[in-house]
Ligand code: F6R
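Numbering (full-length UniProt numbering), first residue to last: 244 to 600.
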């Protein structure tokens with residue numbers, strides 16, 4: 244039920260802090276240790292490489308999951324679009340583990356890959372919001388994202404929940420391998436839930452940004468570097484699927500290799516900068532587009548902020564910023580769609596689960 248909300252999407256955006264706190268509880272046992280099936284731990288430990296297979300928003304969560312797994316647990320990860328992997332399988336490592344990320348657990352493109360890799364005798368884990376779904380039943384293992392039913396076609400809370408579960412998996416894998424890490428996923432997730440709340444309380448401001456930047460535009464570019472590149476791809480997907488504004492997420496440094504030709508007077512650009520080591524680089528990219536007439540909206544953190552940034556996020560662990568920086572992107576997409584008179588919860592041409600290849 245929508246309760247006091249006009250749309251499921253807004254309700255589901257607002258639920259994110261609760262979902263994250265729920266995940267912390269579900270993945271912790273009484274003595275504060277990570278609660279995880281020993282078989283899953285062994286499967287990850289035994290793998291020499293993890294292959295993440297997913298589509299759409301879940302694919303974007305996988306891109307962040309890769310960074311977490313590689314940086315925290317030093318485990319190599321490849322992330323593949325399910326429909327591409329299905330007909331163009333790359334060379335696999337000796338001992339691969341497949342991780343399917345799927346909110347619905349029913350995505351046919353993922354299922355096709357799962358059937359193939361099971362035939363080849365590989366192990367598979369599904370991270371899903373629907374235990375008992377096809378991908379959950381047919382994989383060897385399942386991890387639940389505990390986000391509650393996601394009704395709006397545009398995925399929001401499932402995305403942040405998927406990344407949260409991945410962060411726990413990464414920390415667990417580091418421990419299991421005896422890697423010395425100060426990364427405490429549970430603690431970070433607690434801070435993230437609080438930070439998400441702060442963002443959810445800035446709806447008026449984000450609504451105004453949507454009006455100022457997106458009301459009349461035909462297109463919009465999102466830029467970021469490193470982890471922020473992954474989150475801007477998700478921000479662009481959100482905007483295009485519900486507001487029908489043509490939107491793309493680019494790596495900041497890549498703009499000058501072609502896309503910058505599209506910048507004209509008033510073209511909106513949303514830049515996300517949460518990673519200190521590339522803050523100056525992305526600032527440079529923002530200047531390049533502003534010099535060509537773009538209307539830039541910058542989302543930064545307490546550590547990367549500069550005067551004039553539209554949204555400043557509280558500081559959280561640099562590997563986990565997508566869980567927070569996506570919230571303003573979701574809200575901007577929501578208000579852009581709302582003010583353009585679009586059917587927010589049921590955008591045209593889209594279905595909640597894509598059960599055809
Ligand atoms: C975007 C969206 C889709 C899904 C994609 C995969 O908001 O909802 O891109 O993320 O169709 O769906 P699942 O996660 O159910 O496999």
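Ideal Cβ placement from N, Cα and C applies to all residues, glycine included.
Exposure label - residue i; buried when at least 16 CB within 10 Å
i: residue 588; result: buried
i: residue 213; result: The question about residue 213 has no answer here: the residues shown for the chain are numbered 244 through 600.
i: residue 415; result: buried
i: residue 458; result: exposed
i: residue 275; result: exposed
i: residue 519; result: exposed
i: residue 504; result: exposed
i: residue 473; result: buried
i: residue 259; result: buried
i: residue 571; result: buried
i: residue 263; result: buried
i: residue 255; result: buried
i: residue 325; result: buried
i: residue 591; result: exposed
i: residue 522; result: buried
i: residue 534; result: exposed
i: residue 471; result: buried
i: residue 392; result: exposed
i: residue 515; result: buried
i: residue 478; result: buried
i: residue 500; result: exposed
Reference residue i; option with closest CA among the options
i: residue 448; options: 553, 312 and 558; result: 553
i: residue 381; options: 390, 389, 371 and 388; result: 371
i: residue 404; options: 376, 347 and 454; result: 347
i: residue 296; options: 516, 268 and 340; result: 340
i: residue 336; options: 373, 369 and 293; result: 293
i: residue 586; options: 246, 452, 400 and 252; result: 252
i: residue 551; options: 564, 571, 572 and 529; result: 529
i: residue 580; options: 263, 497 and 453; result: 453
i: residue 558; options: 262, 592, 517 and 247; result: 517
i: residue 266; options: 599, 406, 389 and 363; result: 389
i: residue 513; options: 500, 487, 591 and 493; result: 493
i: residue 497; options: 524, 249, 511 and 399; result: 524
i: residue 437; options: 257, 358, 245 and 246; result: 257
i: residue 349; options: 480, 398 and 375; result: 375
i: residue 288; options: 333, 480 and 420; result: 420
i: residue 455; options: 538, 279 and 290; result: 538
i: residue 398; options: 500, 441 and 593; result: 593
i: residue 560; options: 549, 393, 511 and 432; result: 432
i: residue 271; options: 391, 429, 499 and 310; result: 429
i: residue 597; options: 317, 355 and 248; result: 355
i: residue 332; options: 310, 357 and 279; result: 357
Where residue i sits in the DSSP three-state scheme
i: residue 330; result: helix
i: residue 565; result: helix
i: residue 397; result: coil
i: residue 347; result: coil
i: residue 593; result: coil
i: residue 472; result: helix
i: residue 340; result: strand
i: residue 385; result: strand
i: residue 374; result: coil
i: residue 516; result: strand
i: residue 319; result: coil
i: residue 511; result: strand
i: residue 583; result: coil
i: residue 450; result: helix
i: residue 418; result: helix
i: residue 488; result: coil
i: residue 359; result: helix
i: residue 390; result: coil
i: residue 570; result: helix
i: residue 466; result: strand
Nearest-angstrom Cβ-Cβ length linking residue i and residue j, presumed shorter than 8 Å
i: residue 386; j: residue 408; result: 5 Å
i: residue 322; j: residue 426; result: Not really, about 20 Å apart at Cβ, beyond 8 Å.
i: residue 532; j: residue 506; result: 5 Å
i: residue 439; j: residue 567; result: 6 Å
i: residue 368; j: residue 286; result: 7 Å
i: residue 574; j: residue 446; result: 6 Å
i: residue 509; j: residue 468; result: Contact doesn't hold; Cβ gap of about 24 Å is too wide.
i: residue 344; j: residue 304; result: 6 Å
i: residue 395; j: residue 352; result: Rounded, the Cβ-Cβ distance is 21 Å, inconsistent with contact.
i: residue 544; j: residue 562; result: Actually they do not touch by this definition, with Cβ atoms about 13 Å apart.
i: residue 320; j: residue 313; result: 6 Å
i: residue 576; j: residue 482; result: 4 Å
i: residue 462; j: residue 488; result: 6 Å
i: residue 384; j: residue 282; result: 6 Å
i: residue 300; j: residue 442; result: Going by Cβ atoms, the distance from residue 300 to residue 442 rounds to 18 Å, so no, they are not a contact pair.
i: residue 569; j: residue 402; result: 7 Å
Residue i Cβ short of 6 Å to the ligand HEM heavy atom set
i: residue 535; result: Absence of the ligand HEM is noted for the structure shown, with the ligand F6R being the only ligands found.
Min CB distance residue i to chain D below 7 Å
i: residue 528; result: Annotation note: the requested chain D is absent from the structure, which comprises a single protein chain.
| task | Just jot down, in chain order, the residues whose CB lies closer than 5 Å to any heavy atom of the ligand F6R. | result | 298, 299, 300, 301, 345, 346, 347, 350, 397, 398 and 597
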